[in-house]
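Here is the structure we will look at.
Okay, here's the thing in C-alpha cells:
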C-alpha cells in the first residue's frame, strides 16, 4: 500500500499542505475528508521527523478548536458506551483506536493541545 512508502507520503503531504495554504484548496481538502488519510499517514510514520513536521503544518491548516472539541466528544461518547456495557468487543476495536489516533494527530499542532485540554480530552 502507498501509505508505507515514506518518500511518497512526504511528497503527498507537502503537496496537500501547499494546497491548504490557498483558501479554496483548504476548503476542498476539508470537504474531501483529508484528515482521515492524514491520521493514517501520521500513525504509519510517527517516528519520521520530516513527515511529522509537514503533517504538523497540515494539521494546523485543517483543524481548529471545533475539530478538537468534536474529537474529544467522540472519545467521551465511546467511553460512556464502554462503561455502560453498550459496546461490543468488535465496536471497541473498530471505533476506539481510530478516535484515539485522530486525537493524537490533532495534538501534533501545539495550539490543538490546549483545545484538547480545555475540552477535557487530557485529564491533567
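Residue numbers (my numbering): 3 to 126.
Glycine included, each C-beta is placed from N, C-alpha and C at the ideal position.
Would residue i pass as a contact of residue j if the rule is Cβ separation under 8 Å?
{"i": "residue 104", "j": "residue 118", "result": "no"}
{"i": "residue 5", "j": "residue 42", "result": "yes"}
{"i": "residue 12", "j": "residue 52", "result": "yes"}
{"i": "residue 80", "j": "residue 101", "result": "yes"}
{"i": "residue 123", "j": "residue 74", "result": "yes"}
{"i": "residue 88", "j": "residue 121", "result": "no"}
Please look up how many angstroms separate the CB atoms of residue i and residue j, rounded, as I've assumed it's under 8 Å.
{"i": "residue 10", "j": "residue 60", "result": "Incorrect: roughly 15 Å between the Cβ atoms, too far for contact."}
Using the Cβ count rule (16 or more neighbours within 10 Å means buried), how would you classify residue i?
{"i": "residue 58", "result": "buried"}
{"i": "residue 22", "result": "buried"}
{"i": "residue 95", "result": "exposed"}
Q.
Three or more C-beta pairs under 8 Å: does that hold for the segment 61-72 against the segment 32-39?
A. yes
(Q) Going residue by residue through the segment 63-99, where are the continuous beta strand (DSSP E) segments of at least 3 residues, counting only ones entirely within it? (A) none
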